[in-house]
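The structure under discussion appears below in the form of structure tokens.
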Amino acid sequence: MRPRIALQVLALLLASIPLLAVAQELTAPATIGKPASKVYRQVMPDGKIIYSDKPVKGAKIDETIIPDPANVNTWKSETGKRPVVPPRVESTPVTKTPPLAAASKRKSEDEANTNVIKAEMLLEDARKKQRNGVEPLPGERTGNASGGSRLNEIYNARQLALQRDVVQAEAMLKKAIRERDALQGTPATR
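Mapped onto mature numbering (1 follows the signal peptide of the UniProt record, and there is no 0), the consecutive letters of the sequence shown carry residue numbers -23 to -1, 1 to 167.
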């Protein structure tokens, strides 16, 4: 009885192998190969129109289309190489920004408020640059005899320039607040 069951199981397995192969063939994604060099527009005897890269038996070729060759794979996306740009050591000094309007000009309160906001933004940017500039840049460390390194004069000069920008931005903000308060007729608070 056991050999009979084994034979039946073996027969079922052998019968299912072609079905598995067909199922895999039907569900497998289409292989991507060379694009068609010609596409035929064909008319079947019953009037159906078929486009194919091979002539179909029984169909009349109505038109032959030669597609333009695809130069690139539109589905593939590669990021371009980033250009090698050395880090900019010097930033735009606060003094190079457009100056605030002179006090001798009659300004409206809106212009004065705008100038205060601009000065606050400049101060915030200068402080942010100073915070981000704490880390030494390439070339700002010098090796010493014990095998370590120390921060050099370039680093110190950059830190002084960042500090100077913050001080200038603070002075511009104080000036803008004084001018705004003078227009409003209120005493300066800062």
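The beta carbon of each residue, even a glycine, is placed where N, CA and C say it ideally should be.
These numbers come from a predicted model, not from an experiment.
Quick check on residue i: buried or exposed, where buried means 16 or more other Cβ atoms within 10 Å of its Cβ?
i	result
Ala148	exposed
Leu137	exposed
Ala(-13)	exposed
Leu100	buried
Ala80	Bear in mind that the predicted position of Ala80 carries a pLDDT of just 47, short of 50, making it too unreliable to give a figure here.
Ala96	buried
Asn109	exposed
Ala(-18)	exposed
Val144	exposed
Lys82	Any reading at Lys82 needs caution, since the residue's pLDDT is 49, under 50, leaving its predicted position unreliable; the model's value is listed next. With fewer than 16 Cβ atoms within 10 Å of its Cβ, Lys82 is classed as exposed.
Asn92	buried
Ala89	buried
Identify the residues that DSSP records as bridge partners of residue i: which are they?
i	result
Lys37	Val20
Ser29	Tyr17
Gly120	Ser126
Ile42	Val16
Less than 9 Å between the C-beta atoms of residue i and residue j, yes or no?
i	j	result
Val61	Ala36	no
Lys106	Leu150	no
Arg104	Ala153	no
Arg135	Glu117	yes
Ile26	Val33	no
Can you find a heavy atom of the ligand SAH that lies under 8 Å from the Cβ of residue i?
i	result
Tyr132	No copy of the ligand SAH occurs in the structure displayed, which carries no ligand at all.
Contact the region 38 to 47 vs the region 14 to 21: 3+ CB pairs below 8 Å: With the rule of 3 Cβ pairs closer than 8 Å, the region 38 to 47 counts as touching the region 14 to 21.
At least three beta-carbon pairs within less than 8 Å, the region 118 to 134 to the region 149 to 160: For the pair of segments examined, the region 118 to 134 was found not to touch the region 149 to 160: the number of CB pairs separated by less than 8 Å stays below three.
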